[in-house]
């Protein structure tokens, strides 16, 4: 474990905690894309199939996987529950959360069948999960750019999420130099994901660092 | 042949 990977996983953990805190404390779901959250549940379910094979990598690895699966499902449950507790906000979310996820799912499914480490169910599922994760934030970014404004907690959530995968890139470089091993598929998807976040990072930098209003394009 | 990927990362 190198510092980049630890910081990356902690940033990922923090992003989910910020999101849950965001929903629970402000008791509103405004500006949160349920589509992105459902995609993340799919990412974790397809990636962590090895939990069922009980060939556990390490205690840390296992508890983090269980946390990511359970917390991402919990977020979707919270958002679904707002259908009754905040019917108006829920309806607004559905009206603004209009990104066509069908294209993401089809594209990543094709990518998984074409580019994978082994043509087995587990490896295709893993590859699907990695490609899906690289674009899963798109509905959320799309919603954010359309609304033009957002609660700072949502922006911090997206930033922490983007930081996690961006930190994985130096992690892979570190591991390549120390272990001589690199996962090309994970690297390619990680670079795509970092590029997807790049324009958001620029906006975040302007808003949070420069304290200027987040006037999205 | 493909190295059997043991995905040890999250």
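Chains as they are written, first to last, in my numbering: chain A, 1 to 217; chain B, 1001 to 1010.
Ideal Cβ placement from N, Cα and C applies to all residues, glycine included.
When only Cα atoms are considered, residue 59 of chain A and residue 148 of chain A end up about 42 Å apart. Taking 7 Å as the cut-off, the Cβ atoms of residue 182 of chain A and residue 176 of chain A count as close. It is roughly 14 Å from the alpha-carbon of residue 36 of chain A to the alpha-carbon of residue 69 of chain A. Chain B has a Cβ within less than 7 Å of the Cβ of residue 9 of chain A.
Boundaries of the alpha helix (DSSP H) around residue 81 of chain A: 59 to 85. Between residue 64 of chain A and chain B, the shortest Cβ-Cβ separation is below 7 Å.
Going by DSSP, residue 133 of chain A is part of the alpha helix (DSSP H) stretching over 121 to 135.
When DSSP states are grouped into helix, strand and coil, residue 35 of chain A belongs to the helix group.
Here residue 93 of chain A carries a helix assignment [DSSP, helix/strand/coil]. Only those residues of the segment 109 to 127 of chain A whose C-beta falls short of 8 Å from the nearest C-beta of chain B are listed: 117, 118, 123, 126. For residue 190 of chain A and residue 26 of chain A, the gap between their C-alpha atoms comes out near 32 Å. Near chain B, meaning a CB-to-CB distance below 7 Å, no residue of the segment 17 to 37 of chain A qualifies.
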